[in-house]
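Colleague: Have a look at the structure that comes next, please.
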Amino acid sequence: MIGIKSWGIYIPTYRLSRKEIARAMGGAHLGGEKAVANFDEDSITMGAEAVRNTIDGIDASEIDALFFAATTAPYREKQSASTVALAADLEEDVFFSDFSGSIRAGVIALSLAMDRVQSGSSENVIVTASDCRMGTGGSEVEQTFGDGAAAFLVGKEDVIAEFIGQYSISDDFIDVWRTSEDKFVRSWEDRFIKTQGYSKNMARVIKGLLDKYHLAPSDFQKIVIPAPDPGSLKGLSKTLGLDMKTQVQEPLLNTVGDTGTAHPLLMLAASIEEASPGDKILFAAYGDGAQAFVISVTDRVKKGPRKIVKDCLDSGMPLASYVQYLKFKNLIPTEAARRPTYPSSVPYMWRERNYFTRFHGSKCFSCGAEQYPRQRICYVCKSKDNFQEIKLAPKKGKVITYTKDYLFPSPVPPHMQAVVELEGGCRVYMMMTDVNPDEVKNHMPVEMVFRMLHDRSDFYHYGWKCRPAR
Amino acid sequence: MAAGNIKDKVSIVGMGCTKFGENWEMSADDMIIEAAYEAVEDAGIELKDIQAAWVGVTSSGASGTSLANPLKLDGIPITRVENYCASGQEAIRNAAFSVACGMYDIVLALGYEKLKDSGLRGLPLTSMTDPVIGLGGTPPGLFGGPWVTFFEQYGVTKETLAKIAVKNHYNGSMNPKAHFQKAVSLEQVMKAPIIAWPLGLYDCCPTTDGAAAAILVSRRIARDFRDDYINIKGVSVIVDSLHPGYRPSHDYSSWPATVLAAKDAYRQVGMTEPRKELDLIELHDCFTMTELVTYCDLGLCKQEEVKDCVDSGVFELKGEIPVNASGGLKSFGHPVGASGIRMVYDLYKQMQGKVGGERQVKDAELGLAHNLGGAPQVSSVIIVGMD
Numbered sequence: 125m126i127g128i129k130s131w132g133i134y135i136p137t138y139r140l141s142r143k144e145i146a147r148a149m150g151g152a153h154l155g156g157e158k159a160v161a162n163f164d165e166d167s168i169t170m171g172a173e174a175v176r177n178t179i180d181g182i183d184a185s186e187i188d189a190l191f192f193a194a195t196t197a198p199y200r201e202k203q204s205a206s207t208v209a210l211a212a213d214l215e216e217d218v219f220f221s222d223f224s225g226s227i228r229a230g231v232i233a234l235s236l237a238m239d240r241v242q243s244g245s246s247e248n249v250i251v252t253a254s255d256c257r258m259g260t261g262g263s264e265v266e267q268t269f270g271d272g273a274a275a276f277l278v279g280k281e282d283v284i285a286e287f288i289g290q291y292s293i294s295d296d297f298i299d300v301w302r303t304s305e306d307k308f309v310r311s312w313e314d315r316f317i318k319t320q321g322y323s324k325n326m327a328r329v330i331k332g333l334l335d336k337y338h339l340a341p342s343d344f345q346k347i348v349i350p351a352p353d354p355g356s357l358k359g360l361s362k363t364l365g366l367d368m369k370t371q372v373q374e375p376l377l378n379t380v381g382d383t384g385t386a387h388p389l390l391m392l393a394a395s396i397e398e399a400s401p402g403d404k405i406l407f408a409a410y411g412d413g414a415q416a417f418v419i420s421v422t423d424r425v426k427k428g429p430r431k432i433v434k435d436c437l438d439s440g441m442p443l444a445s446y447v448q449y450l451k452f453k454n455l456i457p458t459e460a461a462r463r464p465t466y467p468s469s470v471p472y473m474w475r476e477r478n479y480f481t482r483f484h485g486s487k488c489f490s491c492g493a494e495q496y497p498r499q500r501i502c503y504v505c506k507s508k509d510n511f512q513e514i515k516l517a518p519k520k521g522k523v524i525t526y527t528k529d530y531l532f533p534s535p536v537p538p539h540m541q542a543v544v545e546l547e548g549g550c551r552v553y554m555m556m557t558d559v560n561p562d563e564v565k566n567h568m569p570v571e572m573v574f575r576m577l578h579d580r581s582d583f584y585h586y587g588w589k590c591r592p593a594r
Numbered sequence: 003m004a005a006g007n008i009k010d011k012v013s014i015v016g017m018g019c020t021k022f023g024e025n026w027e028m029s030a031d032d033m034i035i036e037a038a039y040e041a042v043e044d045a046g047i048e049l050k051d052i053q054a055a056w057v058g059v060t061s062s063g064a065s066g067t068s069l070a071n072p073l074k075l076d077g078i079p080i081t082r083v084e085n086y087c088a089s090g091q092e093a094i095r096n097a098a099f100s101v102a103c104g105m106y107d108i109v110l111a112l113g114y115e116k117l118k119d120s121g122l123r124g125l126p127l128t129s130m131t132d133p134v135i136g137l138g139g140t141p142p143g144l145f146g147g148p149w150v151t152f153f154e155q156y157g158v159t160k161e162t163l164a165k166i167a168v169k170n171h172y173n174g175s176m177n178p179k180a181h182f183q184k185a186v187s188l189e190q191v192m193k194a195p196i197i198a199w200p201l202g203l204y205d206c207c208p209t210t211d212g213a214a215a216a217i218l219v220s221r222r223i224a225r226d227f228r229d230d231y232i233n234i235k236g237v238s239v240i241v242d243s244l245h246p247g248y249r250p251s252h253d254y255s256s257w258p259a260t261v262l263a264a265k266d267a268y269r270q271v272g273m274t275e276p277r278k279e280l281d282l283i284e285l286h287d288c289f290t291m292t293e294l295v296t297y298c299d300l301g302l303c304k305q306e307e308v309k310d311c312v313d314s315g316v317f318e319l320k321g322e323i324p325v326n327a328s329g330g331l332k333s334f335g336h337p338v339g340a341s342g343i344r345m346v347y348d349l350y351k352q353m354q355g356k357v358g359g360e361r362q363v364k365d366a367e368l369g370l371a372h373n374l375g376g377a378p379q380v381s382s383v384i385i386v387g388m389d
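Heads up: the sequence lines are chains A and B, in that order.
The opening position of the first sequence corresponds to residue 125 in this note's numbering, with each subsequent residue numbered one higher.
The opening position of the second sequence corresponds to residue 3 in this note's numbering, with each subsequent residue numbered one higher.
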C-alpha cells in the first residue's frame, strides 16, 4: 500500500487584504486576503518549514529522499532541495532533487515519489512544494497569488491515505509563463487560457481518470481541484457534474490565495485533514497538461496530525499596508543602510553547516551545559572536545532580554533582537521575525524558524530566527 | 588572577588631547600630530626623546606605521594594540609594563580614531569575521541588554537612564574639548527618538573623531619632568570567553569583565572601599545603560541601590563621587582607540587642578578610568593618583 504517511503545510504569517491592494493600485478588489511571505522568507524557507511540520515526531533518519518543487526557487543554478534537506536536518545520504517549470511541479514530484517508493529505491520520500509568485502591480494575479508551502511524506507502511491510481495528459500550452529574465508572471488573454487551457485539460484528465478506473463522480466524498479563480472551478464542476456544496474542496483562494506549485498539495492537505476513514478523494492538478489521482483515506486518518491548515489560517497577522508588501517583496529601491556590511564566506557557511543550517549546538558531556555556537572547550567547565552535537531547532525557547532596534537595517523597522534561552539552557542571540514589536515581552515563549538571513556577496545565507510561539 | 603589582612604578608626565568631534577638516594624521605634540610639549621633551611607542586604534589604522609615518618616529619599536573599546587603555597598559620592567624610560602611548570618514552611522558591529554569529546586533542593542533585569528587578526606569544623560551633557557643556558642549533637559532626553529600546538618541554616545596621547616615564625620573606628575597605581584588562548573548545563565545584572578588572586593579592599589577612596571616575558610558551597570560593577553601589544613587545625585559633579566630570563618552565623544587615553587625560588635568571652573573636582588625588568593549566582553581599568 503506497500512500501518504504524514503531511505538513506552511502559510506565512502576514495577510494582505485585497481591498488594500485595490486601494493602492486602483481597480476593483476581488475580496478576501492573501498570505504574504515575510521579507526573510522565500520558497526554500517555506518549503523547509512545511517539511519540518510534516516530520514533526518522525525519526528523520527514516527519510531517504526529498523532492522540492517551486517555480520561484531563489537560485537558477544551485539546488534548493539540498538546503531544505539540511534545514530539516535529514541524513547526509538522502537522495534529493528540485522540480520546477510548472505549477504542476509539486504534483509531478508527488507522483514520482510514489514511483520511487513503488520501485523500492526509497522507503520514505518527502515532497515539498513551495511558491511565492508575483504579479505586476495592478494585475489580477497580484491580488490572487498568495505565498505558501505544503509537504507530504510518501511511504509504504502506516499510510493515512492510499494512492489507488492516477492518469495524466500532456499539453504544451502557453497560458502563464516567465522567461528566464522575468520577475513577474506573464499570461495570455484570460478567456483563451481559461476555456482552452485550464477547463479543457482538467475536464479531459478527470474524465480519463474516471474511465480508467471505472468510477463516477458520485464515488468520491471529496474532490480536490485547484483553480486559478472561483469562476473556473464553478464552471468545471458544472461540466463534470460535481456537487460544489458537498464534494468540492474549498479552494483557499480567499484566505491564502493561489500558491502556485504548493496549491494542489495545500488543498489536498486541507481535504485529508477533514476526511473520514474510507473516504475517496479525487485529486487533480493543472499545468502544461494535467494529472489526476484516486486517493483512499484509511483508518489512520484519525491519528493524523493536528488540524494544521486551520491552525495556520487562524494565526495570520494583517500586513499594515500595500507599501509594506512592496518592501517585503523588495519592489521599492530603498536607501542602503549606513552600516558596515556583514562578512560572508562560502567556505565558512559550508564548514559550519551543521551549526548554521541544521542548527545544532554543543552539549558538554562533563557538565551538561548546552552551548551555541559550536564549542570545543566548554564555557562552563572547560573540558575539551567532550561534546555531543544536539538539535536546537525543535526546542522551544523564552526571551531573556530583547530590544527594538532602529539602527540595524530592516525593511520594517524596528528590527527585533533577542537573547533566547532554549529548553536545556542553551542561549542564542538571535533575530526575531513575524513579530509585532509591541507584543514582545520578557520571558515570552518563542519557537525557532528557518529564514533567509542576508544575501551579502549575492548569495543567500540561510539560518535561524525566532518568533512568538504559535 | 595576577599577583603582581604595577603600583607607583610608572608616571605620566605629559598628556595631549585633540578637540573631539566631527573633525571634518582634520585627517587621522593631523589628529595624531596634535595630540602627540601637546603631550611632548606638556612633558617638556621632544619626539626624538621617545624610546618606544604603543598606539591604540580599532578600525582607522593598522600597525606601528600609523604612528611612525605622521610623527616621523625613526628607528624605534612601535606596537599597535587593539582590544575593542579598551584599545586606548591597552596602549597605556602595555607602555607602562615596558617601563616598569626597565626596558625603557620614556615611552609614548597614543590612541586615535577617525570614524567620520567612514560614512557609516554609529560604530561597527562587534563580530566582524562571522557571517551568522552575532547577526542582528548593534552596539546600543547589545549594551542595552541589561534593561530587562534592571527595570524588572531593581526599579530602574527610562527616566533613571535619562538622568545619567542629563548629568553627562551638563558636565560636557563646560568642557571646551568635548564633542557636545550643550546641556539637555530631562524632557529632551525622554522624548528623543528611540535608537534601540530603551535607549534613545541622548542615551547613546556620538560617532566622534579624536586622538589622545600620554608620555609615560619611570617613576624614578618623573620629577625631572614636572612636580605634578601622576602615577599609575593599578592596571587591568579582563576578557570574557563568550559573547554574552550566548552565555549560559547570564543574568544581565552585570558585565563580569568589569567586575574582575576592577577587582584586579583594586588589589594592586590595596583598595577596599572604592566609593570612599576614589576621588573621581571616568567610566565607559557608551550608553547610559552601560554607565548604570558600571556603577554596580565597579562596586560603587549594589544593583538594589543604583536607582536611589542616581536620583540623589551621588555621581554628579557636586555629589559624593563625581563620575564623568569630563562629560563622558556621552558628551565628550567616543573615538574608540582614543577614549581610554582621553579619560586618563581628564583625570590628569583634574588632579593637576587645571580644569578650573565648576567642573574642577577639588583635591582630587586618586582617580579611575574604565572601558568596556565588544559584545561586551572586554573591560579595562586604570587607577592613577598623585604621590
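We put the beta carbon where it would ideally sit given N, CA and C, even for glycine.
When you compare the CB positions of A93 of chain B and G339 of chain B, do they come within less than 9 Å of one another, or not?
Modeller: yes
Colleague: What does the alpha-carbon distance come out to for the pair L277 of chain A and V251 of chain A?
Modeller: 6 Å
Colleague: Could you work out which residues of chain D lie near T140 of chain B, taking near to mean beta carbons separated by less than 7 Å?
Modeller: No chain D is present in this structure, whose protein chains are A and B.
Colleague: If you draw a straight line from the C-alpha of D423 of chain A to the C-alpha of S400 of chain A, how long is it?
Modeller: 8 Å
Colleague: Under 9 Å Cβ-Cβ, which residues of chain A neighbour G2 of chain B?
Modeller: Nothing can be reported for residue 2 of chain B: it is not among the residues displayed for chain B, which extend from 3 to 389.
Colleague: Does the separation of the CB atoms of G77 of chain B and F182 of chain B fall below 9 Å?
Modeller: no
Colleague: With distances taken from CA atoms, which of B:L300, B:L203, B:A167 is nearest A327 of chain B?
Modeller: B:A167
Colleague: Can you give the Cα-Cα distance for P136 of chain A and K487 of chain A, rounded to whole angstroms?
Modeller: 32 Å
Colleague: I want to see whether chain B comes within less than 9 Å of H539 of chain A, judged by CB atoms only; does it?
Modeller: yes
Colleague: As a quick exercise: from A:K426, A:I419, A:S395, A:V447, pick the residue whose alpha carbon is nearest that of V82 of chain A.
Modeller: It is not possible to answer for residue 82 of chain A, since the shown part of chain A is limited to 125 through 594.
Colleague: Give me the residue from B:E293, B:R82, B:L374, B:G90 with the minimum Cα distance to R344 of chain B.
Modeller: Restricting attention to B:E293, B:R82, B:L374, B:G90, the CA atom closest to the CA of R344 of chain B is found in B:G90.
Colleague: If you reduce the DSSP assignment to three classes, tell me which class N344 of chain B lands in.
Modeller: Residue identity check: residue 344 of chain B is Arg in the sequence provided, not Asn. Helix.
Colleague: Listing by chain order, which chain A residues have their CB less than 7 Å from the CB of S199 of chain B?
Modeller: Position check: residue 199 of chain B holds Trp in this sequence, whereas Ser was assumed. Ordered by position in chain A, the residues that pass the 7 Å Cβ test against W199 of chain B are T527, K528.
Colleague: What three-state label does DSSP hand F220 of chain A in the structure shown?
Modeller: If DSSP states are grouped into helix, strand and coil, F220 of chain A belongs with the strands.
Colleague: Going along the chain, which residues of its own chain have a beta-carbon closer than 6 Å to the beta-carbon of L370 of chain B, five neighbours each way excluded?
Modeller: L280, I283, I385
Colleague: Might you give, ordered along the chain, the residues of its own chain that have their beta carbon closer than 7 Å to the beta carbon of Y156 of chain B, omitting 5 neighbours on each side?
Modeller: Q305, E306, V308, K309
Colleague: Anyone know if the C-beta pair for V12 of chain B and R228 of chain B falls short of 9 Å?
Modeller: no
Colleague: Starting from the C-beta of Q1 of chain B, find all residues in its chain whose C-beta is less than 7 Å away, skip the five residues before and the five after it, and write them out in chain order.
Modeller: Past the boundaries of the shown model lies residue 1 of chain B; chain B is included only from 3 to 389, so the question cannot be answered.
Colleague: Anything in chain B within Cβ reach of H484 of chain A, meaning under 9 Å, just list it in chain order.
Modeller: By Cβ distance, chain B contributes nothing, its closest Cβ being about 13 Å from H484 of chain A, past 9 Å.
Colleague: In three-state DSSP terms, what is V1 of chain B?
Modeller: Any answer about residue 1 of chain B is impossible in this case: the structure gives chain B only from 3 up to 389.
Colleague: Should W149 of chain B be labelled buried (16 or more other beta-carbon atoms within 10 Å of its own) or exposed?
Modeller: buried
Colleague: Which whole-angstrom value describes the C-beta separation of S130 of chain A and I179 of chain A, a residue pair presumed to lie in contact below a C-beta threshold of 8 Å?
Modeller: The Cβ separation is near 7 Å, so the contact holds.
Colleague: Kindly say whether M555 of chain A, judged by its beta-carbon, lies nearer than 9 Å to any beta-carbon of chain B.
Modeller: Under the Cβ criterion of 9 Å, M555 of chain A is counted among the residues facing chain B.
Colleague: Would you mind stating whether Y472 of chain A and R551 of chain A have Cβ atoms separated by less than 9 Å?
Modeller: Contact flag unset, no.
Colleague: So, does the CB of G521 of chain A fall closer than 9 Å to a CB anywhere in chain B?
Modeller: no
Colleague: I'd like to know whether the C-beta of I240 of chain B is nearer than 9 Å to at least one C-beta of chain A.
Modeller: By this cut-off, I240 of chain B is not an interface position.
Colleague: In chain order, what residues of the stretch 239-271 of chain B put their CB closer than 9 Å to some CB of chain A?
Modeller: S243, L244, H245, P246, G247, Y248, R249, P250, S251, H252, D253, Y254
Colleague: Under 8 Å: do the stretch 385-392 of chain A and the stretch 228-245 of chain A share three or more Cβ pairs, one atom per stretch?
Modeller: yes
Colleague: With a threshold of 16 other CB atoms inside 10 Å of the CB of R240 of chain A, please say whether the residue is buried or exposed.
Modeller: buried
Colleague: What residue ranges within the stretch 153-208 of chain B form continuous beta strand (DSSP E) runs of no fewer than 3 residues, ordered along the chain?
Modeller: Runs of the beta strand (DSSP E) inside the stretch 153-208 of chain B: 196-198.
Colleague: So, is K369 of chain A buried or exposed, given that buried needs 16 or more other C-beta atoms within 10 angstroms?
Modeller: Its Cβ having fewer than 16 others within 10 Å, K369 of chain A is exposed.
Colleague: Report yes or no: is there a C-beta of chain A within less than 9 Å of the C-beta of V12 of chain B?
Modeller: no
Colleague: Hey, out of A:K202, A:P533, A:M568, whose CA is closest to A460 of chain A's CA?
Modeller: Per the Cα distances, A:P533.
Colleague: Quick one: is T151 of chain B near chain A, going by C-beta distance under 9 Å?
Modeller: Look at T151 of chain B: its C-beta is under 9 Å from a C-beta on chain A.
Colleague: Checking contacts by CB at 9 Å: is M125 of chain A closer than that to chain B?
Modeller: no
Colleague: Rank B:Q53, B:A164, B:G138 by C-alpha distance to the C-alpha of P467 of chain A and give the top, closest one.
Modeller: B:G138
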